[in-house]
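Residue numbers (this note's numbering), protein chains in the order written: chain A, 37 to 182; chain B, 329 to 436.
Backbone N, C-alpha and C fix where the C-beta goes; we use that ideal spot for every residue, glycine too.
Notes for the one structure printed next.
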Amino acid sequence: MNQINEIKCTFLSLSQNEGLARSIVSGFLLPLDPDVEELADLRCAVSEAVTNCIVHAYKKSVGNITLTLKAYDDRTFKMIIADKGCGIPDVALARKPLYTTLPDEDRCGMGFSIMESFSDKLDVKSQIGKGTRVTLTKKLSSPDVT
Amino acid sequence: MENLSLSCRNEVLTATLKNEIDHHSAVSVRNEIDDRLYKEMPRALVFDLSEVNFMDSSGLGLVLGRYAKAKELGIEVVVKNPSKRTEKIFRMAGTDKLIKIIHDKEIK
Numbered sequence: 037m038n039q040i041n042e043i044k045c046t047f048l049s050l051s052q053n054e055g056l057a058r059s060i061v062s063g064f065l066l067p068l069d070p071d072v073e074e075l076a077d078l079r080c081a082v083s084e085a086v087t088n089c090i091v092h093a094y095k096k097s098v099g100n101i102t103l104t105l106k107a108y109d110d111r112t113f114k115m116i117i118a119d120k121g122c123g124i125p126d127v128a129l130a131r132k133p134l135y136t137t138l139p140d141e142d143r144c145g146m147g148f149s150i151m152e153s154f155s156d157k158l159d160v161k162s163q164i165g166k167g168t169r170v171t172l173t174k175k176l177s178s179p180d181v182t
Numbered sequence: 329m330e331n332l333s334l335s336c337r338n339e340v341l342t343a344t345l346k347n348e349i350d351h352h353s354a355v356s357v358r359n360e361i362d363d364r365l366y367k368e369m370p371r372a373l374v375f376d377l378s379e380v381n382f383m384d385s386s387g388l389g390l391v392l393g394r395y396a397k398a399k400e401l402g403i404e405v406v407v408k409n410p411s412k413r414t415e416k417i418f419r420m421a422g423t424d425k426l427i428k429i430i431h432d433k434e435i436k
């Protein structure tokens with residue numbers, strides 16, 4: 037498969053940038069004529085990933101979040117969300133549905149579960165004190181031929 | 329962008345969530361609902377989601393957090409008119425087993 041497009045952008049871990057990240061994903065995917073549901077799924081997935089960076093990786097501090105989007109000619113879409121925050125001590129535990137370290141802040145522990153269910157493959161690499169990198173892969177369905 | 333309107337009638341507090349409910353918007357919405365909840369002490373708290381066009385797990389956390397508070401106070405919580413997508417997120421977390429989801433069948 038050949039890559040047909042890529043963007044990379046870095047923004048601060050401020051909550052108003054959650055909406056920005058969703059807009060970037062929409063803007064990148066729209067020329068590929070995505071299915072409406074798939075687009076909504078991926079907007080939700082990026083929102084979860086960016087929220088994780090803000091709420092967990094950087095906690096009370098502000099740091100950089102780098103969002104990379106790639107599209108391939110077989111309609112594979114890749115989304116990489118990387119931070120240089122605190123890192124996740126136990127990735128397998130963090131990925132468990134309903135697991136959260138912040139129940140008092142109304143976090144429901146569904147972020148990774150939602151990202152997983154809205155993707156074909158979700159890879160999470162994390163190092164304590166270095167940061168976390170989430171890679172989501174999704175093969176977009178073919179556009180309706182009318 | 330406005331994300332919430334509150335109204336109380338016959339001891340039912342209705343919180344109508346609007347537009348995009350994410351971590352960013354959930355924070356201020358949460359405080360407003362909680363203030364009004366403690367002031368009114370209603371019989372039921374209804375989340376009307378018919379005007380929501382985006383919701384992620386932060387919105388789910390918002391509803392679940394209010395549910396936990398309301399339960400302690402003996403207040404019933406109902407989720408009304410979520411879109412198909414929003415309902416999908418609710419079901420994913422098993423929230424639909426805790427909180428009643430209802431749909432108005434009326435045509436606008």
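Buried or exposed: which applies to residue i, given that a residue is buried once 16 or more other Cβ atoms fall within 10 Å of its Cβ?
{"i": "C45/A", "result": "exposed"}
{"i": "I435/B", "result": "The pLDDT assigned to I435/B is 47, lower than 50, so where the model puts this residue is not dependable; a value taken from the coordinates is nonetheless given after this. By the 10 Å Cβ count, I435/B comes out exposed."}
{"i": "E164/A", "result": "As written in the sequence, residue 164/A is Ile, which differs from the Glu given in the question. Looking at its Cβ environment, which holds fewer than 16 other Cβ atoms inside 10 Å, I164/A is exposed."}
{"i": "I43/A", "result": "exposed"}
{"i": "R79/A", "result": "buried"}
{"i": "P410/B", "result": "buried"}
{"i": "R394/B", "result": "buried"}
{"i": "S177/A", "result": "exposed"}
{"i": "D126/A", "result": "exposed"}
{"i": "N137/A", "result": "A small correction: the amino acid at residue 137/A is Thr; Asn does not occupy that position in the sequence shown. T137/A comes out exposed."}
{"i": "S385/B", "result": "buried"}
{"i": "N331/B", "result": "buried"}
{"i": "P70/A", "result": "buried"}
{"i": "A93/A", "result": "buried"}
{"i": "D432/B", "result": "exposed"}
{"i": "R337/B", "result": "exposed"}
{"i": "V380/B", "result": "buried"}
{"i": "A396/B", "result": "exposed"}
Which one or two residues does DSSP pair with residue i in a beta bridge?
{"i": "E42/A", "result": "K106/A"}
{"i": "I117/A", "result": "L103/A, V170/A"}
{"i": "K175/A", "result": "T112/A"}
{"i": "E330/B", "result": "Paired residues: none, contrary to the question."}
{"i": "E348/B", "result": "F382/B"}
{"i": "D159/A", "result": "T171/A"}
{"i": "C89/A", "result": "C89/A pairs with nothing; no bridge assigned."}
{"i": "F47/A", "result": "I101/A"}
{"i": "V340/B", "result": "R337/B, A372/B"}
{"i": "I430/B", "result": "K408/B"}
Is residue i close to chain C? Criterion is C-beta to C-beta, closer than 9 Å.
{"i": "L390/B", "result": "The structure shown contains no chain C; its protein chains are A and B."}
Note down the Cα distance separating residue i from residue j, rounded to an integer number of angstroms.
{"i": "L426/B", "j": "D109/A", "result": "44 Å"}
{"i": "K106/A", "j": "L65/A", "result": "10 Å"}
{"i": "P179/A", "j": "E74/A", "result": "11 Å"}
{"i": "L134/A", "j": "G121/A", "result": "22 Å"}
{"i": "S155/A", "j": "T173/A", "result": "6 Å"}
{"i": "S51/A", "j": "H351/B", "result": "7 Å"}
{"i": "D159/A", "j": "T171/A", "result": "5 Å"}
{"i": "L48/A", "j": "T87/A", "result": "12 Å"}
{"i": "R111/A", "j": "T344/B", "result": "38 Å"}
{"i": "A118/A", "j": "K96/A", "result": "18 Å"}
{"i": "L129/A", "j": "V72/A", "result": "32 Å"}
{"i": "T414/B", "j": "K428/B", "result": "14 Å"}
{"i": "G402/B", "j": "E339/B", "result": "13 Å"}
{"i": "M329/B", "j": "N347/B", "result": "8 Å"}
{"i": "Y366/B", "j": "K114/A", "result": "45 Å"}
{"i": "R400/B", "j": "M151/A", "result": "Correcting the residue type first, residue 400/B is Glu in the shown sequence and not Arg. Their Cα atoms are separated by approximately 32 Å."}
{"i": "E54/A", "j": "K166/A", "result": "22 Å"}
{"i": "P67/A", "j": "N41/A", "result": "11 Å"}
{"i": "A372/B", "j": "V357/B", "result": "18 Å"}
{"i": "T102/A", "j": "I349/B", "result": "23 Å"}
{"i": "K175/A", "j": "M37/A", "result": "12 Å"}
Does the distance from the CB of residue i to the CB of residue j come in under 9 Å?
{"i": "F382/B", "j": "S83/A", "result": "yes"}
{"i": "T423/B", "j": "L377/B", "result": "no"}
{"i": "V407/B", "j": "I430/B", "result": "yes"}
{"i": "K132/A", "j": "G147/A", "result": "no"}
{"i": "L392/B", "j": "R364/B", "result": "no"}
{"i": "D62/A", "j": "I124/A", "result": "Here residue 62/A is Ser; the residue named in the question, Asp, does not match the sequence. No, the pair does not count as a contact, with Cβ atoms beyond the cut-off."}
{"i": "T104/A", "j": "I90/A", "result": "no"}
{"i": "S59/A", "j": "M420/B", "result": "no"}
{"i": "D142/A", "j": "A354/B", "result": "yes"}
{"i": "A76/A", "j": "A57/A", "result": "no"}
{"i": "E360/B", "j": "L390/B", "result": "no"}
Exercise. Which full runs of the alpha helix (DSSP H) of 4+ residues lie inside the stretch 358-409 of chain B, going along the chain?
Worked result: 385-400
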